[in-house]
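Asks: Residue numbers (the numbering used here): 51 to 323. Every residue, glycine too, gets a C-beta built ideally from N, C-alpha and C.
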Amino acid sequence: MSGFMEQLITMNTIKQVVTHTGRPLLALLLVSSLLSSCKQDEYYTDGGKANPYFDGTIMDYLDSRPIELDSVAEAVRLAGLDEVLSTEELTFFAPKDEEIRRLIGQVNYEGEDPFLKTGTANQRLYDLGLDTIQTLSDIDSLIWRKYLERYLFHGKKLLKDYPQIDFDILSTFGGENYIAYNNTVSNIGVVFNDAVTDAGKPTETRLKYMGYRQLHISYIPNVSDPARWVTHPVSSSDIQPLNGVVHVLDFNQGGGFGFNREEVIQDIIQSKR
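1) Compare the C-alpha of residue 129 against each of 200, 268, 228, 158 and name the closest.
2) Could you give the DSSP three-state label for residue 262: helix, strand or coil?
3) Compute the Euclidean distance between the alpha carbons of residue 232 and residue 138, then round it to the nearest angstrom.
4) According to the neighbour-count rule (16 or more other Cβ atoms, all chains shown, within 10 Å of its Cβ), is residue 147 buried or exposed?
5) Relative to the C-alpha of residue 127, which candidate in 141, 108, 117 has its C-alpha closest?
6) Taking the alpha helix (DSSP H) that residue 192 belongs to, which residues open and close that run?
7) Does residue 152 come out as helix, strand or coil in the three-state DSSP assignment?
8) Could you check whether the segment 102-118 touches the segment 288-296, counting it as contact only if at least three pairs of C-beta atoms, one from each stretch, sit closer than 8 Å?
9) So within the segment 248-316, which uninterrupted beta strand (DSSP E) runs reach at least 3 residues, ignoring any that extend past its ends?
10) Mind checking residue 197: buried by the 16 CB within 10 Å criterion, or exposed?
11) Based on the DSSP output, what are the partners of residue 140 in its beta bridges?
12) Assuming residue 276 and residue 300 make a contact with CB atoms under 8 Å, what is their CB distance in whole Å?
13) On the DSSP bridge assignment, give the partners of residue 103 in chain order.
14) Could you name the residues that DSSP lists as bridge partners for residue 239?
15) What is the DSSP secondary structure of residue 173, counted as helix, strand or coil?
16) Could you spell out the range, first to last residue, of the beta strand (DSSP E) harbouring residue 160?
17) How about residue 173 and residue 155: do their beta carbons lie closer than 7 Å?
18) Here's the rule I'm using: 16 or more other beta-carbon atoms within 10 Å means buried, otherwise exposed. How should residue 101 be labelled?
19) Buried or exposed for residue 256, going by 16 or more other Cβ atoms inside 10 Å?
20) What is the DSSP secondary structure of residue 184, reduced to helix, strand or coil?
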């Protein structure tokens with residue numbers, strides 16, 4: 051944010067808060083919080099600021115994150131997309147390994163993860179008397195490619211390059227539709243959260259759209275019915291390898307791997323028959 055914009059927001063915000071609350075001190079405290087949150091447009095990882103630049107390709111970046119992205123990197127190679135992620139300029143909305151783990155699952159799971167309790171690929175294959183998945187290579191490479199390409203977009207787009215989206219008033223702030231690498235369609239937009247102080251208290255003050263910003267991608271299964279979106283928020287945005295940008299998805303929200311875990315499982319079952 052430029053110094054001029056900071057001054058403009060500061061003056062307007064102080065006037066707004068003082069007018070509605072009559073509390074100059076509250077106005078100053080709120081503005082301080084606001085300016086801090088505005089600067090979060092720069093790359094944040096799970097709430098912590100980090101260096102956004104990576105000295106390597108997108109593929110190299112995936113390989114450098116073995117704890118959360120090594121299965122994704124392996125799936126990319128099985129799909130034959132490793133050369134694409136090494137040479138082309140792309141924006142990659144990267145799923146995490148956890149989504150692949152929850153897709154495959156295990157037979158007769160007795161743990162507490164609700165995603166692994168219901169209809170994983172291995173449980174469904176086992177129930178049908180088909181070969182279960184022991185390694186990622188047991189899934190057809192065309193299936194990996196089909197669903198990974200939904201996360202890939204030509205060109206480099208940072209959070210600041212996407213329009214605002216408000217899921218409550220899409221007619222006003224509706225994000226924008228983008229065509230993925232395999233010609234599927236997703237809506238992508240930035241949620242402008244409210245700046246809030248004293249949340250839940252009688253003294254709560256809220257400034258609309260003036261809080262932190264978070265990127266969201268919504269896969270559209272049927273372009274003739276765009277209201278049926280499958281939305282994933284981004285947990286880490288604006289990671290910038292040499293040939294593009296990576297936005298890492300929040301695996302706890304959305305439809306699972308490929309934006310539709312059930313669709314992926316059905317493809318796997320059909321490939322095993």
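Replies: Answer, in terms of the structure:
1) To locate residue 129, count along the sequence shown from 1; it is residue 79. Nearest C-alpha to residue 129: 200.
2) Within the sequence shown, numbered from 1, the residue matching residue 262 stands at position 212. Three-state result, residue 262: coil.
3) As a position in the sequence shown, residue 232 is number 182, starting the count at 1. As a position in the sequence shown, residue 138 is number 88, starting the count at 1. Roughly 14 Å separates the two Cα atoms.
4) As a first step, residue 147 is located in the sequence shown; it is residue number 97 there, counting from the start. Counting C-beta atoms within 10 angstroms of its own C-beta, residue 147 has 16 or more neighbours from the protein chains shown and is therefore classed as buried.
5) Translated into the one-based positions of the sequence shown, residue 127 becomes position 77. Out of 141, 108, 117, 108 has the C-alpha closest to the C-alpha of residue 127.
6) Here residue 192 refers to the residue found at position 142 of the sequence shown. 191-198 is the span of the alpha helix (DSSP H), which, as asked, contains residue 192.
7) As a working note, residue 152 is residue 102 in the sequence shown. Secondary structure at residue 152: helix, using DSSP grouped into helix, strand and coil.
8) By the Cβ test, the segment 102-118 is in contact with the segment 288-296, since at least three Cβ pairs between them sit closer than 8 Å.
9) Every beta strand (DSSP E) stretch that sits fully inside the segment 248-316 and reaches 3 residues is listed by chain position as 255-257, 263-270, 280-289, 294-299.
10) The count along the sequence shown starts at 1 and reaches residue 197 at position 147. Buried is the call here.
11) Translated into positions along the sequence shown, residue 140 becomes position 90. The partner list for residue 140 (beta bridge, DSSP) reads 204, 294.
12) Taking the sequence shown and counting its residues from 1, one reaches residue 276 at position 226. Taking the sequence shown and counting its residues from 1, one reaches residue 300 at position 250. Under the criterion of beta carbons closer than 8 Å, residue 276 and residue 300 do not qualify as touching, at roughly 22 Å.
13) What you label residue 103 is simply residue 53 of the sequence shown in a count that begins at 1. As a beta-bridge residue in DSSP terms, residue 103 pairs with 290.
14) Locating residue 239 in the sequence shown gives position 189, where the first residue counts as 1. Its beta-bridge partners are 266.
15) Position 123 of the sequence shown, counted from the start, is the residue given in the question as residue 173. Residue 173 carries a helical assignment under DSSP once its states are collapsed to helix, strand and coil.
16) Numbered from its first residue, the sequence shown carries residue 160 at position 110. Counting along the chain, residue 160 falls outside any beta strand (DSSP E), and DSSP gives it neither H nor E.
17) Here residue 173 corresponds to residue number 123 of the sequence shown, with the count starting at 1. Here residue 155 corresponds to residue number 105 of the sequence shown, with the count starting at 1. At the C-beta level, residue 173 and residue 155 come within 7 Å of one another.
18) For the purposes of this step, residue 101 is taken as residue 51 along the sequence shown, with counting starting at 1. Exposed, by the Cβ-count rule.
19) Walking along the sequence shown from the start, residue 256 turns up at place 206. Residue 256 counts as exposed, since fewer than 16 other beta carbons sit within 10 angstroms of its beta carbon.
20) Along the sequence shown, read from residue 1 onward, the residue named residue 184 stands at position 134. In the displayed model, residue 184 falls within coil according to three-state DSSP, outside both helix and strand.
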